Amino acid sequence: MTLPVVFSSLEDKPILCLFSWAGGRLDIFSDLILHLENDCSIYGFPIRGIENEASPHLTLEQMALDYLETLAPVLGQRKVVLGWRIDGR
Amino acid sequence: MARILETRSAPVPLVVMFDSRILPLRNENGLKSRIQIHKQKTEDLPFPKKLGYIIQKTGTRLRRWIYTFFIRRGRPLPPFVNRIGTITYLVSKLYRPKPFNGRVVLLRADNLAPGTSSDPFNGWDKTCSAGLEIRSISGSHTSILKEPVVSLLAVEMRKLLKEIS
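In order, the protein sequence lines correspond to chains A and B. According to the numbering used here, the first sequence is numbered sequentially starting from 1. According to the numbering used here, the second sequence is numbered sequentially starting from 1001.
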């Protein structure tokens, strides 16, 4: 299971989940997070294996299932906004 | 992920894409124009760097073929392909999204890099059957996530969050 990085946790606000597939690192979102940290809960999902020896997901579907398993306990009936970035071109 | 949440009856009021694009499996540009793009990129480079560029591009193409071959057969990848940088590039390159019925907003950078497709939907119009909304951000693919342009992106995000609250 891949653990998310919690940048902001506001129980009454929607959850913004950030993914970056192309570069894999969440620091590309750091400026955006500073702007939005009081508007929503922000969870960031790094690519598995980017910062340790874990083997990477081999498809985006595998990744989605893994991340959802992680998110399930905090989801409840809260609204989820998925923000993602794929492709570095 | 949004599609999986939909099937589990979890509310996903919004998917936001930060200038994401679906990469064409085959380059939309013809061979001639692709060669032209590579020529442009390398014309000022000294020979050793030019050679390095060609080797790097060939290696990427080769690893892509190998990845596709092994993944389609459900076999484990050989170690020289199973590297994080290679995998992330190949997975995104070969990803074909399935239709999604929810609301999708593409925050699209309006400053295109040379060789980038000028498709105003970045390839997402065929996938987002419920309607894709495009909002232009004045910046490039890279700059829209950095100061000072990111503040424009944040304004749009705030509006979107307000709309769903």
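Virtual Cβ for every residue (Gly too), placed ideally from N, Cα, C. All figures in this text were calculated on a predicted structure; none of them were measured in a lab.
Within-7 Å CB hit, residue i to chain B
i, result
"A:Pro56", "yes"
"A:Gly49", "yes"
"A:Leu26", "no"
"A:Leu36", "yes"
"A:Leu10", "no"
"A:Ala72", "no"
Contact list for residue i against chain B, beta-carbon separation under 8 Å
i, result
"A:Ile42", "None at all; the shortest Cβ gap to chain B is about 11 Å."
"A:Pro14", "Pro1013, Leu1161, Ile1164, Ser1165"
Chain A contact for residue i (CB, 7 Å cutoff)
i, result
"B:Leu1161", "yes"
"B:Arg1108", "no"
"B:Val1150", "yes"
"B:Tyr1053", "no"
"B:Thr1127", "no"
"B:Arg1158", "yes"
Where residue i sits in the DSSP three-state scheme
i, result
"B:Val1012", "coil"
"B:Ile1164", "helix"
"B:Ile1022", "coil"
"A:Phe29", "helix"
"A:Gly44", "strand"
"B:Ala1109", "strand"
"B:Ser1151", "helix"
"B:Gly1030", "coil"
"A:Arg89", "Confidence at A:Arg89 is low in this model, with a pLDDT of 35, below 50, so its placement is unreliable and no value can be given for it."
"A:Glu37", "coil"
"B:Val1081", "coil"
"B:Met1001", "coil"
"A:Ser8", "strand"
"B:Gly1102", "coil"
"B:Arg1072", "helix"
Status (buried if at least 16 other CB within 10 Å, exposed otherwise) for residue i
i, result
"B:Asn1122", "buried"
"B:Ile1035", "exposed"
"B:Phe1073", "The residue asked about is misnamed: residue 1073 of chain B is Arg in this sequence, not Phe. Exposed is the call here."
"B:Arg1103", "buried"
"B:Thr1086", "buried"
"B:Leu1107", "buried"
"B:Arg1075", "exposed"
"A:Asp15", "Note on identity: in this sequence residue 15 of chain A is Ile, with Asp being the wrong assignment. Flag for A:Ile15 reads buried."
"B:Trp1124", "buried"
"A:Phe45", "buried"
"B:Ile1137", "buried"
"B:Arg1096", "exposed"
"A:Ile47", "buried"
Amino acids of chain B, ordered along the chain, whose beta-carbon sits closer than 7 Å to that of residue i
i, result
"A:Phe29", "Leu1145"
"A:Leu75", "Ala1010"
"A:Leu3", "Chain B residues near A:Leu3: none, gap ~16 Å exceeds 7 Å."
Contacts of residue i in chain A (Cβ-Cβ under 8 Å)
i, result
"B:Leu1005", "Leu68, Val80"
"B:Ala1002", "Leu82"
Amino acids of chain A, ordered along the chain, whose beta-carbon sits closer than 7 Å to that of residue i
i, result
"B:Ala1154", "Leu32, His35, Leu36"
"B:Thr1060", "Within chain A, no residue comes near B:Thr1060; the closest Cβ sits about 13 Å away, beyond 7 Å."
"B:Ile1071", "Leu58"
"B:Ile1087", "Pro56, Leu58"
Residue i beta carbon near the ligand GTP (any heavy atom closer than 6 Å)
i, result
"A:Tyr43", "The ligand GTP is not among the ligands present in this structure, which contains no ligands whatsoever."
Interface partners of residue i on chain A, CB under 9 Å
i, result
"B:Val1081", "Residues of chain A passing the Cβ test: none, with the nearest at roughly 10 Å."
(Q) Whether or not the region 1077–1097 of chain B and the region 1108–1116 of chain B are in contact is what I'm after, with contact meaning three or more pairs of Cβ atoms, one per stretch, closer than 8 Å; do they touch? (A) No: fewer than three Cβ pairs fall under 8 Å.
(Q) Could you check whether the region 30–44 of chain A touches the region 1029–1049 of chain B, counting it as contact only if at least three pairs of C-beta atoms, one from each stretch, sit closer than 8 Å? (A) No, the region 30–44 of chain A is not in contact with the region 1029–1049 of chain B.
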